[in-house]
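Read left to right, the sequence shown gives residues 130 to 413 (this note's numbering). Built from N, CA and C at the ideal position, the CB exists for glycine as well. It should be emphasised that the depicted structure is a prediction, and the values quoted were computed from it without experimental measurement.
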Amino acid sequence: MQALKKIPQAAFSTAVWSTSFVWMGAVAATWGITGIFVPPRRTHNYIGGPGMAAVLKFTLSDVDVHYHPRFDPERRSIFVQNHVNLLDAHIACKSIPHAFCGLMNAWQFKIPIYGWIMKLADGIAVPKGDGRFRVVADAAKDRAAKGISILTFPEAHRTLDGKVREFKKGVFLIAKMAGLPVVPLAVYGMRDLMQKGSLLVKPAKIKVLVGPQFETEGLKSHELNALIAKVHRIVSDFAERGEMPTDELIDAPLTKELTARLEADLAERRAAEAAEAEAESAAE
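Right, dumping it as structure tokens:
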């Protein structure tokens, strides 16, 4: 009976994916042809960006993007987004108001259509081995000089339960080495659209927060740790609860005390959520 209930959703999902792949192929072809005459970064806002963002319309989802008053749309930055499903990059295309590229493993460039688009966008491949942070930082600095921002997913993996995972430090080290600011890009409602491990899609109401730029250049080790904790808090509060960041949090000094407080708050929240989930399970 449960399987029968999913038949309409499966049919809708099949239509969405079929249309999306044809559409993305057309966008990639158009972008590639125009790229012979004009650098893709200059046509991002006319072809690549809106073309990829249009996939969200095929899902019949409503996407509302809020830009923090302190966000500078003209400044190239490293965007830090929570990772939920295969359509996350399309949200970025809808939200980032200028050309950007992705930071990804080298093998992802070999994926048909997706990999071609990443190459057109001047994506950055993450190499293996020692010294990879410097290599990626130099590449990020090069992209910024060309007018291209960088999109990253510091959790490294998509969420399984809707909770924002721990942020890897590498993204922030790269930002510091490149002398680029980081921008929280938090997305609420994406798990209602689609979940990891499933290709089933259903219309959802999605909200996006593009936060202010946070400086990284010249930060000491403990200050960088505090920045990671701060950005994680901003992203997790919005992605999990739809809560906007307070000025107090945004302006909080990057101290060891801030790191300790935010980490303690997060641990307390996770413990409370676990207890609530256990109680609900016992009641069933």
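Can you list, in chain order, the residues of its chain whose CB lies under 8 angstroms from that of residue i, leaving out five sequence neighbours each side?
i	result
residue 288	211, 212, 213, 294, 320, 325
residue 342	199, 200, 201, 204, 206, 310, 311, 312
residue 160	169, 172, 176, 177, 180, 246, 249
residue 264	256
residue 271	none
Just the Cα atoms here: how many angstroms apart are residue i and residue j?
i	j	result
residue 384	residue 172	42 angstroms
residue 349	residue 269	21 angstroms
residue 148	residue 237	22 angstroms
residue 317	residue 141	22 angstroms
residue 309	residue 388	21 angstroms
residue 377	residue 365	16 angstroms
residue 232	residue 209	11 angstroms
residue 239	residue 245	8 angstroms
residue 400	residue 158	49 angstroms
residue 234	residue 185	24 angstroms
residue 230	residue 278	6 angstroms
residue 394	residue 358	11 angstroms
residue 390	residue 162	52 angstroms
residue 138	residue 165	40 angstroms
residue 190	residue 143	16 angstroms
residue 260	residue 218	27 angstroms
residue 305	residue 167	31 angstroms
residue 280	residue 360	15 angstroms
residue 408	residue 396	18 angstroms
Reducing DSSP to helix, strand and coil, say where residue i ends up.
i	result
residue 342	coil
residue 336	strand
residue 229	strand
residue 254	strand
residue 202	coil
residue 330	coil
residue 353	helix
residue 281	strand
Hey, out of the options, whose CA is closest to residue i's CA?
i	options	result
residue 323	272, 264, 290	290
residue 369	377, 398, 216	398
residue 276	292, 227, 296	227
residue 351	386, 152, 280, 282	386
residue 125	278, 296, 394	As shown, the chain starts at 130 and ends at 413. That puts residue 125 outside it, with no answer to give.
residue 355	336, 381, 337	381
residue 182	170, 168, 222	222
residue 135	152, 327, 274, 305	327
residue 196	249, 394, 373, 407	373
residue 241	340, 151, 174	151
residue 192	177, 169, 216	216
residue 220	315, 263, 379	315
residue 347	334, 337, 303	303
residue 292	409, 403, 408, 153	403
residue 174	156, 335, 165	156
residue 252	259, 260, 258, 273	273
residue 418	335, 345, 412, 379	Residue 418 is absent from the structure shown; the chain starts at 130 and stops at 413.
residue 334	371, 353, 305	371
The beta strand (DSSP E) with residue i in it runs from where to where?
i	result
residue 210	207-210
residue 167	Segment: none, residue 167 is in no beta strand (DSSP E) and carries neither H nor E.
residue 315	311-317
residue 414	As displayed, the chain neither begins before 130 nor continues past 413, which places residue 414 out of reach and without an answer.
With a CB to CB cut of under 7 angstroms and the five nearest residues on each side skipped, what residues in its chain are close to residue i?
i	result
residue 188	145, 322, 330, 332
Which residue marks the beginning of the alpha helix (DSSP H) containing residue i, and which one marks its end?
i	result
residue 243	243-249
residue 388	385-412
residue 213	Careful: residue 213 lies outside any alpha helix (DSSP H) and carries neither H nor E.
residue 303	299-307
residue 323	From DSSP, residue 323 is part of no alpha helix (DSSP H); its letter is neither H nor E.
residue 179	178-182
residue 379	376-380
residue 271	261-274
Who are the Cβ neighbours of residue i in its own chain at under 6 angstroms, not counting the five residues just before and after it?
i	result
residue 283	209, 296, 297, 300
residue 254	235
residue 362	391
residue 224	194, 337, 339
residue 153	242
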